[in-house]
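Heads up: the sequence shown begins at 46 in this note's numbering, then just goes up one per residue.
Backbone N, C-alpha and C fix where the C-beta goes; we use that ideal spot for every residue, glycine too.
The structure displayed is predicted, hence computed values, not measured ones.
Each remark here refers to the structure printed beneath this line.
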Amino acid sequence: RDSPARLAVLPGGRGNDFARALGVPRDPEGAARVAVGGRERMVDVAYVGDEPYLGIASLGIDSDCQHIANNTRVVRGSLVYLYSLLRALGGWRGATFTVTADGERRSYDGYAAAVANTGVFGGGMALMPMAECDDGRLDVLLTKSHPKRRYLRGIAQVFRGTHLDPRYTEVLRAEAVEIDSSPPYDVFADGDPIGRTPARVTVRPRCLRVLVPA
46 RDSPARLAVL PGGRGNDFAR ALGVPRDPEG AARVAVGGRE RMVDVAYVGD EPYLGIASLG
106 IDSDCQHIAN NTRVVRGSLV YLYSLLRALG GWRGATFTVT ADGERRSYDG YAAAVANTGV
166 FGGGMALMPM AECDDGRLDV LLTKSHPKRR YLRGIAQVFR GTHLDPRYTE VLRAEAVEID
226 SSPPYDVFAD GDPIGRTPAR VTVRPRCLRV LVPA
């Protein structure tokens with residue numbers, strides 16, 4: 046916040062979800078035009094412990110999915126996330142999560158826990174369509190146990206942001222989140238492992254200057 050430096054986002058990865066969330070074109074020429082002539086926007090930065098991230102931190106079946114995605118050579122591009130999720134689902138045996146959001150504790154059996162700064166991950170999955178990256182809050186998604194066939198239907202819905210069925214999911218908002226799990230999981234954010242359960246997630250409001258389309 047105290048630095049005059051501004052971040053220009055040049056998409057070059059497989060998912061490019063931070064660019065997608067900010068409306069930055071995913072083609073090099075379009076992104077370069079934003080870098081030169083875009084307007085400044087102040088955005089939040091989330092942290093798992095002391096490790097910063099900009100998108101969504103998640104664990105559980107998402108951890109298994111990311112391990113597969115980061116090690117596969119079978120599928121390339123953004124489709125690797127869909128491929129890895131289907132593979133992870135085939136071997137999923139369930140887990141127990143304990144999430145404390147601003148002091149309010151919940152325990153549940155399920156698939157995953159996610160803490161969002163922006164709303165998109167996995168190459169365009171609108172996991173938390175209501176998330177805003179400049180509101181000083183974290184959006185938390187608890188995905189609870191339900192049949193795998195219903196989970197498969199949700200995979201198609203998540204690209205449209207229509208998957209948040211209250212029978213199977215719960216959404217919370219908080220400034221600080223503590224997560225534990227049995228078994229323990231790596232916490233992934235922006236495609237990389239940045240922690241392991243138990244983990245604490247916090248947010249620093251509007252501390253990063255980013256260039257977005259004018």
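Quick check: residue i and residue j, are their CB atoms within less than 9 angstroms of each other?
| i | j | result |
| --- | --- | --- |
| A279 | L99 | Lying before the first or after the last residue shown, residue 279 is absent from the chain, which here runs from 46 to 259. |
| G236 | G58 | yes |
| R118 | V255 | no |
| Y92 | V246 | yes |
| A219 | E149 | yes |
| A102 | I239 | yes |
| L217 | V165 | no |
| V160 | L183 | yes |
In three-state DSSP terms, what is residue i?
| i | result |
| --- | --- |
| Y92 | strand |
| C110 | helix |
| F233 | strand |
| V120 | coil |
| F204 | coil |
| P192 | coil |
| S129 | helix |
| A76 | helix |
| A66 | helix |
| V165 | coil |
| V54 | coil |
Under 8 angstroms by Cβ, that's how I've got residue i and residue j pegged, so tell me the actual separation to the nearest angstrom.
| i | j | result |
| --- | --- | --- |
| A234 | R84 | The Cβ separation is near 26 angstroms, so there is no contact. |
| L134 | Y196 | 6 angstroms |
| C252 | D147 | Actually they are not in contact, since the Cβ atoms of C252 and D147 sit about 20 angstroms apart, beyond 8 angstroms. |
Considering only DSSP beta bridges, list what residue i is partnered with.
| i | result |
| --- | --- |
| P97 | Y92 |
If you pair each beta-carbon of the region 212-221 with each one of the region 181-188, do three or more pairs fall below 8 angstroms?
Contact holds: three or more Cβ-Cβ distances are below 8 angstroms.
Under 8 angstroms: do the region 192-209 and the region 163-181 share three or more Cβ pairs, one atom per stretch?
Counting Cβ pairs under 8 angstroms, three or more are found: they touch.
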